[in-house]
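First the structure, in the form of structure tokens, and then the observations on it.
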Amino acid sequence: MIRYKVTLAYDGTLFSGFERQPQQRTIEGVITQKVNIMAKNPHPSIVVYGSGRTDAGVHALAQVVHFDFPFDLPVEAVYRGLNSLLPLDMEIVKVEKVSNQFHARYDVSGKRYFYRLDLGEFQNPFKRHYTGHWRFPIDMNKVQAALSDFVGEHDFSSFVASGSTARSNIRTIYEAKGKLDKNGNELQLEFYGNGFLYNMVRIMVGVVVEIGSGRRPVDDIPRLYTAKDRTQARLTMPASGLYLKKVYYEGDDPDHPTKLAKTHR
């Protein structure tokens, strides 16, 4: 069996998330079906393992999966074969042959998420599936101050939705940055860390925009770490604005000053 590492992009709008579910259209379900079709398996037996889940409506620029294939095909053949089978809201970006010891989930050392927030007074109908929406004025100095409080190792219990199965809510954020795209009238936020909890980024974005709009004190994030109370973080921003931008494995980011810890999700 040959192990392939596959990087894929998808528009999450019409998917019920990544994880396979009965009677639901999911990323894992579709890619598993297509891999087995390519292998000409009458009884689908090839299992696809992802780097982690994305929720319904969340997009990915570079999700990573792996699977063991019964034939030793050139990576170009797998790349072209899968892309020819996939629906138009999914695309294979890259295919690699890897060691049988590689695991798409357990070998992850970090992830980078990106969030787009439309700042128009009303929801743009052409962006509604690809951005969140915030109609109130934003002070970027307050946004930048808030983002700096996310960097480091913290207990994110106030930033995790109910239903999480994580053993620990402690995570390390290596980078949190934001910019205002005036041409697109968007606030764009990016988070790079060793792992993220259920709905964590969407909750973090909600806290940031409340701070940026003057609805919270600029220094409120340290208080939320201490509170460990999800209800005090309040908002969960829409899934439509969230993108999994990159999944890191050991050696992917050699210039990072901190040795990346294994992700928890």
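Take 1 as the starting number for the sequence shown in UniProt numbering and just add one per residue. Every residue, glycine too, gets a C-beta built ideally from N, C-alpha and C.
Check: Do V143 and V208 come within 8 Å of each other at the CB atom, strictly closer than that value?
Finding: Position 208 of the sequence shown, counted from the first residue, corresponds to residue 208. Position 143 of the sequence shown, counted from the first residue, corresponds to residue 143. Going by C-beta atoms, V208 is nearer than 8 Å to V143.
Check: How far does the alpha helix (DSSP H) with G152 in it reach, from first residue to last?
Finding: On the sequence shown, position 152 is the one that residue 152 refers to. Looking at the DSSP string, G152 is not in any alpha helix (DSSP H); the run it does join, the beta strand (DSSP E), is G152 to D155.
Notebook entry, point to check: From residue 297 to D220, what distance separates their C-alpha atoms?
Noted result: Residue coverage of the chain in this structure runs from 1 to 265, which leaves residue 297 outside it and unanswerable.
Notebook entry, point to check: Distance, Cα to Cα, H133 vs L242?
Noted result: For the purposes of this step, residue 133 is taken as residue 133 along the sequence shown, with counting starting at 1. For the purposes of this step, residue 242 is taken as residue 242 along the sequence shown, with counting starting at 1. Each residue's Cα considered, the two are about 12 Å apart.
Notebook entry, point to check: From the DSSP output, which residues share a beta bridge with A176?
Noted result: One-based indexing of the sequence shown puts residue 176 at position 176. Note: A176 sits in a beta bridge opposite F191.
Check: Between H154 and the rest of its own chain, which residues show a CB-CB distance below 6 Å, the 5 nearest in sequence each way excluded?
Finding: Here residue 154 refers to the residue found at position 154 of the sequence shown. Y225, listed in sequence order.
Checklist line | Cβ neighbours of Y79 in the same chain (closer than 6 Å, five flanking residues each side left out) | finding: What you label residue 79 is simply residue 79 of the sequence shown in a count that begins at 1. These residues qualify, in order along the chain: I92 and V95.
Notebook entry, point to check: Contact check, V108 vs S51 under 8 Å by CB: the rounded distance?
Noted result: What you label residue 108 is simply residue 108 of the sequence shown in a count that begins at 1. What you label residue 51 is simply residue 51 of the sequence shown in a count that begins at 1. Indeed, because the Cβ distance is near 5 Å, the residues count as touching under 8 Å.
Note to self: Nearest by alpha-carbon distance to N141: which of G212, Q24 and F156 is it?
What the structure shows: Along the sequence shown, one-based indexing puts residue 141 at 141. Closest by alpha carbon: G212.
Next item on the list: Return the CA-CA distance between F156 and A233, expressed in angstroms with no decimal places.
Entry: By 1-based counting over the sequence shown, the position of residue 156 is 156. By 1-based counting over the sequence shown, the position of residue 233 is 233. Each residue's Cα considered, the two are about 10 Å apart.
Check: What do you reckon, are the CB atoms on G70 and A39 nearer than 8 Å?
Finding: Within the sequence shown, residue 70 is the residue found at index 70, counting from 1. Within the sequence shown, residue 39 is the residue found at index 39, counting from 1. Residue 70 is actually Pro in this sequence, not Gly. A contact, by the Cβ cut-off of 8 Å.
Check: Roughly how many whole angstroms lie between the Cα atoms of N124 and L117?
Finding: Position 124 of the sequence shown holds residue 124. Position 117 of the sequence shown holds residue 117. Distance between the alpha carbons of N124 and L117: 11 Å.
Notebook entry, point to check: For F67 versus I37, is the C-beta distance shorter than 8 Å?
Noted result: As a working note, residue 67 is residue 67 in the sequence shown. As a working note, residue 37 is residue 37 in the sequence shown. Cβ atoms of F67 and I37: not closer than 8 Å.
Next item on the list: Using the DSSP secondary-structure output, state which residues sit across from V65 in a beta bridge.
Entry: Here residue 65 is taken as the residue at index 65 of the sequence shown, counted from 1. V65 is bridged to V6 and G50.
Checklist line | Residue span of the beta strand (DSSP E) that contains D118, given as start and end | finding: Position 118 of the sequence shown, counted from the start, is the residue given in the question as residue 118. Its beta strand (DSSP E) spans residues V108 to D118.
Next item on the list: Check L82 in the structure and name its three-state DSSP category.
Entry: Taking the sequence shown and counting its residues from 1, one reaches residue 82 at position 82. DSSP places L82 in helix when its eight states are reduced to three.
Item checked: Selection from V247, F15, G206 and P238 that minimises the alpha carbon distance to T231 -> As a first step, residue 231 is located in the sequence shown; it is residue number 231 there, counting from the start. It is G206.
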